[in-house]
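A.B. asks: Please read through the structure below; I'll follow up with questions.
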Amino acid sequence: MKIKDRTFVVSGGSSGLGLATVLELCKCDGYVAVLDIQDMPGAAKRAMGSKARFFKCDLTKEQDVETAVNQTVEWSRETNAKLGGVINCGGVAVAQKVVAGNGVPHSLDLFEFALRINVTGTFDLTRRVLEHLVQAEPEGEDGERGVVILVSSSSAFEGQQGQVAYAASKGAIRSMTLPMARDLGRFGVRVNTIAPSLFVSPMTEKMSAKVKGSLERDLVFPKRFGETGEFAHMVKYLIEATYVNGETYRLSGGARMPGRL
Numbered sequence: 001m002k003i004k005d006r007t008f009v010v011s012g013g014s015s016g017l018g019l020a021t022v023l024e025l026c027k028c029d030g031y032v033a034v035l036d037i038q039d040m041p042g043a044a045k046r047a048m049g050s051k052a053r054f055f056k057c058d059l060t061k062e063q064d065v066e067t068a069v070n071q072t073v074e075w076s077r078e079t080n081a082k083l084g085g086v087i088n089c090g091g092v093a094v095a096q097k098v099v100a101g102n103g104v105p106h107s108l109d110l111f112e113f114a115l116r117i118n119v120t121g122t123f124d125l126t127r128r129v130l131e132h133l134v135q136a137e138p139e140g141e142d143g144e145r146g147v148v149i150l151v152s153s154s155s156a157f158e159g160q161q162g163q164v165a166y167a168a169s170k171g172a173i174r175s176m177t178l179p180m181a182r183d184l185g186r187f188g189v190r191v192n193t194i195a196p197s198l199f200v201s202p203m204t205e206k207m208s209a210k211v212k213g214s215l216e217r218d219l220v221f222p223k224r225f226g227e228t229g230e231f232a233h234m235v236k237y238l239i240e241a242t243y244v245n246g247e248t249y250r251l252s253g254g255a256r257m258p259g260r261l
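Residue 215 in full-length UniProt numbering is what sits at position 215 of the sequence shown, and the numbering runs on without skipping anything.
Structure representation (structure tokens):
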């Protein structure tokens with residue numbers, strides 16, 4: 001699918017991997033509906049101009065999601081940039097052991113919070129976008145209508161200590177990929193997942209030099225954390241690569257996570 005003059009929904013688009021994705025799609029002359037609970041940085045807004053529009057959205061609230069998607073569809077009609085797909089970068093990282101050292105069990109509220117945002121929120125946004133996407137006019141030789149990109153994590157493969165809730169949520173995303181692609185094949189909609197490992201972020205910037213150095217030594221090549229722009233390049237590839245469908249791509253530089261940091 002071509003990115004130019006198509007509208008893509010990006011959740012979690014105000015920062016990190018989501019913001020890098022928004023910038024990349026705008027650079028490719030796409031239009032982007034940015035869905036996030038926090039507003040976008042002013043500099044990013046100015047850089048994207050009329051190519052992006054922000055919609056405040058809490059992924060745990062069905063009404064927020066439905067309203068944001070409906071407003072996106074209206075905007076796409078105004079710009080004549082047809083809906084092209086959804087990239088689910090919105091999510092939350094939580095950490096807690098199943099049983100703490102003092103014998104206190106994992107909080108059920110925290111476990112359900114991780115699933116509510118990372119799994120249910122992702123699924124709700126995706127289904128709302130698909131409601132409109134499957135009605136689009138098919139394009140090209142293959143009759144493609146659109147693209148769904150989910151975001152899992154290396155934790156879906158090698159969850160660390162304290163990541164039971166997070167790994168469960170990201171493993172669920174990985175498991176959604178193939179059945180969702182099979183469900184949507186008859187509509188000409190592809191589904192793929194990216195499972196990033198360690199990327200430069202506010203969280204990794206707070207790591208001690210010792211922890212960061214230990215992780216970098218275990219990397220294969222290149223021996224550094226991923227850059228957000230590299231994630232965005234993978235999104236671009238998956239949108240444009242029509243024959244890629246139902247797959248989960250690890251974006252890790254060959255790294256495999258240790259049992260604990």
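Every residue, glycine too, gets a C-beta built ideally from N, C-alpha and C.
Would you say the stretch 225-232 touches the stretch 167-175, given that touching needs at least three Cβ pairs under 8 angstroms?
C.D. replies: no
A.B. asks: Taking its Cβ as the centre, do 16 or more other Cβ atoms sit within 10 Å of residue 188, making it buried, or is it exposed?
C.D. replies: buried
A.B. asks: Would residue 83 and residue 11 be called neighbours here (beta carbons separated by less than 8 angstroms)?
C.D. replies: no
A.B. asks: Rank 7, 220, 101, 97 by C-alpha distance to the C-alpha of residue 255 and give the top, closest one.
C.D. replies: 220
A.B. asks: So, helix, strand or coil for residue 179, using DSSP?
C.D. replies: helix
A.B. asks: List in chain order: all unbroken alpha helix (DSSP H) runs of 4+ residues lying wholly within the stretch 92-168.
C.D. replies: 108-115, 122-133
A.B. asks: Restricting to Cα atoms, I'd like to know which of 28, 35, 23 is closest to residue 43.
C.D. replies: Out of 28, 35, 23, 23 has the C-alpha closest to the C-alpha of residue 43.
A.B. asks: Taking 8 angstroms as the cut-off, decide whether the C-beta atoms of residue 129 and residue 145 are in contact.
C.D. replies: In this structure, residue 129 lies away from residue 145, with their beta-carbon atoms at least 8 angstroms apart.
A.B. asks: Got a sec, what are the start and stop residues for the alpha helix (DSSP H) residue 228 sits in?
C.D. replies: That run of the alpha helix (DSSP H) goes 228-240.
A.B. asks: Mind listing, in chain order, the continuous beta strand (DSSP E) runs of no fewer than 3 residues lying wholly within the stretch 14-56?
C.D. replies: 31-36, 52-56
A.B. asks: Kindly indicate which three-state DSSP category residue 220 falls into: helix, strand or coil?
C.D. replies: coil
A.B. asks: Go to residue 68, then tell me how far its alpha helix (DSSP H) extends in each direction, as first and last residue.
C.D. replies: 62-79
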